[in-house]
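Just below is one structure, and these are the notes that go with it.
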Ligand code: NAP
């Protein structure tokens, strides 16, 4: 992990249950479009909006992220949120990253566009958007313009969008496919596919959403 003032850092925040090619293509698209030196994948421990339903164990989501990112020299996986007790508020993560990388770092938080719908309700949102840029990744056909416009007006030059065709792949769909015994080949790296089978993930589907 590189440090110091002025570093251009991408933070790929997500539950990653499991990580798939949509996430990887998004991170690479954001990296090249925003000239990021490193993209840090940040699996969350307990997402504030998912406290009422099952998420796979942190160790599995972390290891799948490590396996998936191993072939890209610009990608790293962080345990900051996994190792922090309680709900994973993004603002707490950003403050921790500022302490590590310094005030000169340009931090870009990358996440799914669906997440942006709730962004105004996130903890300390004004501070959050003062600490980082927000890059919303959209799936094909996803209509976001009104919300994005509102956010861009409220936070000028802080909120951007990147369109990613491969985001038609979704973690929810992959979990359902596993549960129904359908193929997940070519939706995610083979190493992650085998990890899922080896550890028998997503079979007890009722617990997941
Ligand atoms: P989610 O609600 O599961 O995801 C929303 C949508 O975005 C899903 O369609 C998801 O697809 C997609 N997505 C999620 N992360 C993505 C990424 N990095 N790149 C591209 N697409 C992505 O969202 P989540 O994964 O739990 O949360 C996203 C991030 O926002 C996390 O870092 C979370 O901690 C943070 N968050 C913070 C707060 C807060 O601080 N109050 C509240 C909510 C979320 P897949 O299901 O295929 O991933």
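Numbering (the working numbering), first residue to last: 22 to 230.
All C-beta atoms, glycine included, are put in the ideal place defined by N, C-alpha and C.
Continuous beta strand (DSSP E) assignments of at least 3 residues falling wholly in the region 49 to 133: 59 to 64, 96 to 98 and 127 to 133
Neighbourhood of residue 27 by C-beta, 6 Å cutoff - its chain only, sequence neighbours within 5 removed: 125
Proximal residues to residue 131 (C-beta, below 6 Å), its chain only, five neighbours per side dropped: 31, 33, 51 and 156
Under the three-state DSSP convention, the category residue 141 falls into: helix
Among 180, 90, 152 and 70, nearest to residue 63 - alpha-carbon criterion: Selected option, being the one with the closest Cα: 90.
Cα-Cα separation between residue 174 and residue 136, rounded to whole angstroms: Near 18 Å, if we compare the C-alpha coordinates of residue 136 and residue 174.
Cβ neighbour criterion (16 or more within 10 Å) applied to residue 215: Residue 215 counts as exposed, since fewer than 16 other beta carbons sit within 10 angstroms of its beta carbon.
Distance cut-off 6 Å: residue 85 Cβ against heavy atoms of ligand 1: no
Residue 109 Cβ short of 6 Å to ligand 1 heavy atom set: yes
N- and C-terminal bounds of the alpha helix (DSSP H) containing residue 198: 192 to 200
Anticipated Cβ contact below 8 Å, residue 43 with residue 134, distance rounded: Rounded, the Cβ-Cβ distance is 12 Å, inconsistent with contact.
Beta-carbon proximity check, residue 109 vs residue 68, cutoff 7 Å: yes
The region 201 to 211 / the region 177 to 186 touching (three or more Cβ pairs under 8 Å): no
Proximal residues to residue 102 (C-beta, below 7 Å), its chain only, five neighbours per side dropped: 63, 64, 65, 66, 109 and 114
Heavy atom of ligand 1 within 6 Å of residue 79 beta-carbon: no
7 Å Cβ cutoff met for residue 112 and residue 139: Going by C-beta atoms, residue 112 is not nearer than 7 Å to residue 139.
For residue 42, the three-state DSSP class (helix, strand or coil): helix
Limits of the unbroken alpha helix (DSSP H) element including residue 149: From DSSP, the alpha helix (DSSP H) with residue 149 extends over 146 to 152.
Cross-strand partners of residue 187 (DSSP beta bridge): None; residue 187 has no bridge partner.
Closest Cα partner of residue 80 within the set 141, 193, 36 and 127: 36
From 78, 48 and 57, residue whose alpha carbon lies closest to that of residue 217: Relative to residue 217, the option among 78, 48 and 57 whose CA is nearest is 78.
Near ligand 1: residue 31 beta-carbon under 6 Å from a heavy atom: no
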